[in-house]
Each structure stands twice: as C-alpha cells, then as structure tokens.
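*Asks:* Structure below; questions to follow.
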C-alpha cells in the first residue's frame with residue numbers, strides 16, 4: 041500500500057539530505073533521472089512504496105543492476 045509523503049520525510053526514510061531529494065525532482069534533471077513524484081502546484085509529494093518509486097530506487101542503487109525494468 042502506498043503512502044503520500046513529502047520531501048523531508050522521503051529524505052529521512054532514505055537517509056539522504058533533503059536537498060538531494062529536491063535536486064532529483066527539479067525540471068533541469070533528465071526525466072529518466074527524476075524521482076517519480078506528484079506535483080500539486082508548488083507542492084511535491086511522493087507515493088512511498090509505489091511500484092514506480094521502488095523501481096527508480098532499484099535502478100539507481102549504487103552497485104545495483106542499472107538495467108532493471
């Protein structure tokens with residue numbers, strides 16, 4: 041089941057700086073590199089434990105299989 045969370049909460053759960061999470065959402069970031077997110081005006085939220093977010097994490101994990109689909 042997914043849970044809607046904000047950037048500070050995602051950063052806390054992934055144990056990364058909030059600034060890193062925000063940088064992976066910015067429009068300057070290539071679409072493939074962006075963390076899957078929901079945009080509500082200026083508010084950004086994430087579906088924690090969603091298939092899209094889990095797949096993104098698996099693709100970008102250091103030492104992981106970058107060819108995962």
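Numbering (our numbering), first residue to last: 41 to 109. Don't be surprised by glycine CBs; every beta carbon is placed ideally from N, CA and C. In this text the structure is predicted, and so the values were computed from the model without any measurement.
#1: For residue 58, name the three-state secondary structure that DSSP assigns.
#2: Rounding to the nearest angstrom, what Cα-Cα distance links residue 92 and residue 76 in this structure?
#3: In three-state terms, what does DSSP make of residue 89?
#4: By the three-class DSSP mapping on this structure, what secondary structure does residue 49 have?
#5: Let me make sure I understand the geometry here. Which of 88, 82, 69 and 41 has the alpha-carbon closest to that of residue 52?
#6: In the DSSP output, what is residue 110 paired with across the bridge?
*Replies:* Per the coordinate set shown:
#1: Of the three classes helix, strand and coil, the one that applies to residue 58 here is helix, per DSSP.
#2: Rounded to the nearest whole angstrom, the C-alpha separation of residue 92 and residue 76 is 6 Å.
#3: In the structure shown, residue 89 sits in coil (DSSP, three-state: anything other than H, G, I, E or B).
#4: Residue state, collapsed to three classes: helix.
#5: The option with the nearest alpha carbon to residue 52 is 88.
#6: Outside the shown range of the chain, which is 41 to 109, sits residue 110, and nothing can be said about it.
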